[in-house]
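Residue numbers (my numbering), protein chains in the order written: chain A, 1 to 769; chain B, 1001 to 1062. Every residue gets a Cβ at the ideal spot worked out from N, C-alpha and C, and that includes glycine. Computed from a predicted structure; not experimentally measured.
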Amino acid sequence: MGDCLHCGDTVVGEGDFCCPGCDAAYALVQGLGLDSYYRRRALDPTQRSLKPDDDAPPRDFALHVRGDDQGGSELNLMVDGLHCAACVWLIETVLLRQPGVTKARVNMTTRRLALAWDGAATAAERIVAPVLALGYRLVPFDPALLNRETEKRDRALLRALAVAGFAMGNVMLLSVSVWAGHFQGMGPATRDLLHWISALIALPTVAYAGAPFYRSALGALRHGRVNMDVPISLAVVLAAGMSLFETATGGEHAYFDSSVTLLFFLLVGRYLDSRARSKARATAEHLVGLSATAVTVLDDDGTRRVLPPSQVQTGMAVFAAPGERIAVDGTVAAGASDVDTALITGESVPQAVTDGAKVFAGTLNLTGPLTVRVDAVGEDTLLADIVRLMERAEGGRDKYVAIADKVARWYAPVVHTLALGTFLFWWVGMGAVWQDALLTAIAVLIITCPCALGLAVPVVHVVAASRLMRQGILVKSGTALERLADADVAVFDKTGTLTLGRPELANADEIADDDLTLAASLAAASRHPLARALVRVRPGVALADGVIEEPGRGLVRGDVRLGSRVWCGVDDDGDHDGPELWLVRPGAAPVAFRFADTLRSDARDTVARLGLPATLLSGDRQAAVRAAADAAGIDDARAEQSPADKVAVLDDMAQQGHRVLMVGDGLNDAPALHAAHVSLSPATAADVSQNVADVVFQGDRLGPVAEAVHVARRAHKLVVQNFALAFLYNAVTIPLAVAGYVTPLVAAAAMSASSLVVIANALRLGAKD
Amino acid sequence: MDVLLYLIPIALLLGLGGLVAFLWSLKSGQYDDLDGAAYRILFDDDDVPPPPPPQKTHAPDQ
């Protein structure tokens, strides 16, 4: 017993490898002279194992290849199974050694491989073959389909940040000289020169780097609303404008550094926030992309072709092997099998299908191979119906106003009134010159530092999102954390959400150890989900030799059979829910293996930890739903809910003023996920559901839901604290400003201090509690 | 204070040069993979023996 030299799984019996694939992979690496890879690598248990996959769905790489203008070809692939940098090195080196390859670069952050070579698209298979043989999974994707908008916006923010940073550094350099000069007798000529140079740097910067804020502020104002960017934009523009006026008239104080520093700090907050979310979204896209399947199409003469789903048309015949997801809506043309519709309807009991039965895209073919004639593609499918239902359902999140904007709604008028009041006080009340009064009024505007207020929320969210991401919880939308914190009821789906969504052996305690091991040794020969469930109970079991699989029936080795009840000849009349397998041997009683979709191990604890009144909505039958609800500790459970039913329940709750947190995974949950106040879905969910959900969590446990809510609540407390700190700081400095004691030096010091305090407070979220 | 007349432009030019360099590096995609960049300095090309010389007669890919 040892660990496989290649993939690290346990090896049963003698030998250095767990399977022939690993043996071949090791030999390949040695043959290429790259064995330093093994010395350097650190296996990451959360990544997919490096066992070469013989049952991976077939892929046609050549289809996704694009030609470049010099006659070469390019291909973009997602990589599954990157454990550490040594894997990156290995993949790149192996690819670059292939003749003709001009570029092979793995992006460790996005886990994508960019490949380019001189030659035709057909060379794609040959070039990527060694990487597949080493145990990595490669999935081609079309870069045009990825969300480019956020990348462009992030880049624009980074450019604005760079310009603001350059300007801030240099303007501060000049400003500090001027401030020092106040104490050391700098003459007005020098001071004016330095002010003019500051103006030269600051004014273009304010125009360029402030653009994101102005656009947002104008957008809000056009709708008759005020958001946080309105006072920010006003402060920046007025500070710059007033400073220009002062410089032109030879005045003593110029606030160029305040306006540029303000821009810089706010851009930092905004950029980090946007980047944290982009990273979560990219990871979520990666997960969805990895599960994209290719469709095996049968031509009339029996040849098989592999096509991407978008190229499949009605009338084609599609082949679905046991254990594969059916990729189209259609009618069964040949074959008999059982189909698991959990992802579509939530039903946990598979349905038997034969010729003429209808099947839908997303269902899992369980027992036998099926040939399906395609009925509907694109807009006509069940999937499209559900998407339309989703679009009609009122999004519970669209009208949500972020807390920062709520604060801005009263903060802006108060501050503007104060500034106006200051102006009138000095001009009318104290009889000062109107320029001086204006100066003081604008100083009030600057000092009320939208800086700390503008950073209060983004900094906390960045820390929270990063902390959650480290635990495999991806927060995709901007206001998700706020909405998580104020949810007051929870709604769960059953199959795939509360449960794992795959069959597990349910009656292991009734079965003798030897029988279990014998059954597992036969089961290791099959990809069937029930067989795989058996192997999971006895991992590392050696495959018995001479096992023959009869599709739709079972596995046979000599006179030992493991399979369906009828084929094994068992006379059991009992009506048992759920799939089962029977093991028969001559001279021993038949042994029944019953499977069920079991609850996630921490489902009950999570529901309790959430502390919210919970409801279970499922498309499955009453008995199964009631059983699951009892096991999870949920009182309110409704069964046989269609997608529209689920939306109706959520609308009801919303009418009563509740803010619903919904957790779901199936296609039938997508409209409800969209209608909820905040939604989460596991990474094993249907594509549509993952895209709609605000938060996606990885792994087999339900705990991430409670963790996300817990972090969101703590984040909310810290945001409120940050706002309090910002207001406290304002309470101290506003009187100073009104009285005319605020100079650019005071403003700069105050701005920096308040920003640092707010950031330090936000970092408290990063620690485990 | 005559020294300022050439010190300030020098400071600004250097700063501007830094800004331009940053914007160029951003455009050429050097910020796309910060995790990977951190590890690439450890990649040891000396370990890898050079690829075999290309064959003169090479079957065309069809």
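Quick test of your reading: S787/A and L543/A, contact by CB under 8 Å. State the CB separation rounded to the nearest angstrom. Absent from the model: residue 787/A. The displayed extent of chain A is 1 to 769, so no value can be given.
For T205/A and L797/A, the rounded distance between their alpha carbons: The structure shown does not extend to residue 797/A, since chain A is modelled only from 1 to 769, so the question has no answer here.
Under 7 Å from the C-beta of I1010/B: neighbouring residues of chain A: As a first step, residue 1010/B must be located in the second sequence, where it is residue number 10. By Cβ distance, chain A contributes nothing, its closest Cβ being about 12 Å from I1010/B, past 7 Å.
In whole angstroms, what is the alpha-carbon distance linking V463/A and L763/A? One-based indexing of the first sequence puts residue 463/A at position 463. One-based indexing of the first sequence puts residue 763/A at position 763. Distance between the alpha carbons of V463/A and L763/A: 7 Å.
Going by C-alpha distance, which of G587/A, K476/A, L500/A is nearest D694/A? Counting from one through the first sequence, the residue named residue 694/A turns up at place 694. The shortest Cα separation from D694/A among G587/A, K476/A, L500/A belongs to K476/A.
Which whole runs of the alpha helix (DSSP H) in the segment 265 to 347 of chain A are 4 residues long or more, in chain order? If only complete runs of 4 or more residues are kept, the segment 265 to 347 of chain A shows the alpha helix (DSSP H) at 342 to 345, in order along the chain.
Using 8 Å as the Cβ pair cut-off and three pairs as the minimum, do the segment 79 to 91 of chain A and the segment 1028 to 1045 of chain B touch? yes
Give me the residue from A211/A, P308/A, V288/A with the minimum Cα distance to L266/A. Taking the first residue of the first sequence as position 1, residue 266/A is located at position 266. Taking only the C-alpha atoms, the option nearest L266/A is A211/A.
Spatial neighbours of Y208/A within its chain, please: CB distance less than 7 Å, with the 5 preceding and 5 following residues excluded, ordered by chain position. The residue given as residue 208/A occupies position 208 in the first sequence. Same-chain partners within the cutoff: A160, V163.
Would you mind working out which of K279/A, T110/A, S259/A sits nearest P744/A, comparing C-alpha positions? Position 744 of the first sequence holds residue 744/A. The shortest Cα separation from P744/A among K279/A, T110/A, S259/A belongs to S259/A.
For L63/A, I'd like the list of residues in its chain whose CB is within less than 7 Å of its CB, leaving aside the five on either flank, ordered along the chain. Counting from 1 along the first sequence, the entry for residue 63/A is found at position 63. Counting only Cβ-Cβ distances below 7 Å, and skipping sequence neighbours, we find P308.
Is there a Cβ from chain B that is less than 7 Å from the Cβ of T102/A? Mapped onto the first sequence, residue 102/A falls at position 102. With 7 Å as the cut-off, T102/A does not count as an interface residue toward chain B.
Since L96/A is in the beta strand (DSSP E), which residue starts that stretch and which ends it? Taking the first sequence and counting its residues from 1, the one referred to as residue 96/A is at position 96. Not the beta strand (DSSP E): L96/A falls in the alpha helix (DSSP H), residues 85 to 96.
Whole-angstrom distance between I447/A and T733/A, CA atom to CA atom: Numbered from 1 along the first sequence, position 733 holds the residue referred to as residue 733/A. Numbered from 1 along the first sequence, position 447 holds the residue referred to as residue 447/A. Looking at the two C-alpha atoms, the distance is approximately 7 Å.
Can you have a look at W426/A and say buried or exposed, based on whether 16 or more other CB atoms are within 10 angstroms of its CB? Within the first sequence, the letter at position 426 stands for residue 426/A. W426/A is buried by the Cβ-count criterion.
Just verifying my parser: in three-state terms, what is the DSSP assignment at L1034/B? By 1-based counting over the second sequence, the position of residue 1034/B is 34. Here L1034/B sits in helix by DSSP.
Considering Cα atoms alone, identify which of V688/A, L474/A, P450/A is closest to M751/A. As a first step, residue 751/A is located in the first sequence; it is residue number 751 there, counting from the start. The shortest C-alpha separation from M751/A is found at P450/A.
Would you please verify whether the beta carbon of G1015/B is less than 7 Å from any beta carbon of chain A? Translated into positions along the second sequence, residue 1015/B becomes position 15. Cβ-Cβ to chain A under 7 Å: yes for G1015/B.
Using a Cβ cut-off of 7 Å (strictly closer), state whether T440/A contacts chain B. Mapped onto the first sequence, residue 440/A falls at position 440. Taking Cβ atoms only, chain B never reaches closer than 7 Å to T440/A, which makes this a no.
At the 7 Å Cβ level, is G1029/B part of the contact set with chain A, yes or no? Translated into positions along the second sequence, residue 1029/B becomes position 29. So no, G1029/B is outside the interface.
Just the chain A side, please: which residues come within less than 8 Å of L1007/B by C-beta, in chain order? Position 7 of the second sequence holds residue 1007/B. Per Cβ cutoff of 8 Å: no residues; L1007/B is ~11 Å from chain A at best.
In angstroms with no decimal places, state the Cα-to-Cα distance between Q1062/B and D69/A. Residue numbering aside, residue 1062/B sits at position 62 when the second sequence is read from its first letter. Residue numbering aside, residue 69/A sits at position 69 when the first sequence is read from its first letter. The predicted position of Q1062/B is uncertain, since its pLDDT is 43 and thus under 50; a value taken from the coordinates is nonetheless stated next. So the alpha carbons of these two residues sit roughly 20 Å apart.
Going by other Cβ atoms of all chains shown within 10 Å of its Cβ, with 16 needed for buried, is M430/A buried or exposed? As a working mapping, residue 430/A is identified with position 430 in the first sequence. Exposed: under 16 other Cβ atoms inside 10 Å.
CB contact check: A85/A to chain B, cutoff 7 Å: As a first step, residue 85/A must be located in the first sequence, where it is residue number 85. It does; some Cβ of chain B falls within 7 Å.
If you run the structure through DSSP and keep just helix, strand and coil, what is M172/A? Counting from one through the first sequence, the residue named residue 172/A turns up at place 172. Three-state result, M172/A: helix.
Which residue from N227/A, G187/A, L263/A, L650/A puts its Cα closest to that of G250/A? As a position in the first sequence, residue 250/A is number 250, starting the count at 1. Cα-wise, what sits closest to G250/A is G187/A.
With H, G and I counted as helix, E and B as strand and the rest as coil, what does DSSP make of S73/A? Position 73 of the first sequence, counted from the start, is the residue given in the question as residue 73/A. Here S73/A sits in strand by DSSP.
When you compare only the Cα positions, how much space is there between V719/A and V457/A? Here residue 719/A is taken as the residue at index 719 of the first sequence, counted from 1. Here residue 457/A is taken as the residue at index 457 of the first sequence, counted from 1. Going by the C-alpha atoms only, they are around 6 Å apart.
Chain B contacts from the segment 143 to 162 of chain A (Cβ-Cβ distance under 8 Å): R155, L158, R159, A162
Own chain, CB closer than 8 Å to N76/A, minus 5 neighbours either side, in chain order: For the purposes of this step, residue 76/A is taken as residue 76 along the first sequence, with counting starting at 1. Same-chain partners within the cutoff: H64, R112, L113, A114, L115, P140, F141, D142, P143.
Check the C-beta distance from V491/A over to L610/A and give it rounded, since I have them as a contact under 8 Å. Within the first sequence, numbered from 1, the residue matching residue 491/A stands at position 491. Within the first sequence, numbered from 1, the residue matching residue 610/A stands at position 610. That belief does not hold up - the Cβ atoms of V491/A and L610/A are roughly 11 Å apart, past 8 Å.
G302/A and V374/A closer than 7 Å at C-beta: Numbered from 1 along the first sequence, position 302 holds the residue referred to as residue 302/A. Numbered from 1 along the first sequence, position 374 holds the residue referred to as residue 374/A. No, they are not a contact pair.
Kindly give me the distance between the Cβ atoms of T499/A and T598/A, rounded to whole angstroms, as I take these residues to be in contact under 8 Å. Reading the first sequence from its first residue, position 499 is the one you call residue 499/A. Reading the first sequence from its first residue, position 598 is the one you call residue 598/A. Contact holds; Cβ gap of about 6 Å.
Give, in chain order, every residue of the segment 447 to 463 of chain A whose Cβ lies closer than 8 Å to some Cβ of chain B. Identification of residues in the segment 447 to 463 of chain A having a C-beta nearer than 8 Å to some C-beta of chain B yields an empty set.
Counting only beta-carbon atoms, is T499/A nearer than 7 Å to chain B? As a first step, residue 499/A is located in the first sequence; it is residue number 499 there, counting from the start. Not one chain B Cβ lies under 7 Å of T499/A.
Do you know how far the Cα of A384/A is from the Cα of A628/A? Within the first sequence, residue 628/A is the residue found at index 628, counting from 1. Within the first sequence, residue 384/A is the residue found at index 384, counting from 1. Those two C-alpha atoms are separated by around 30 Å.
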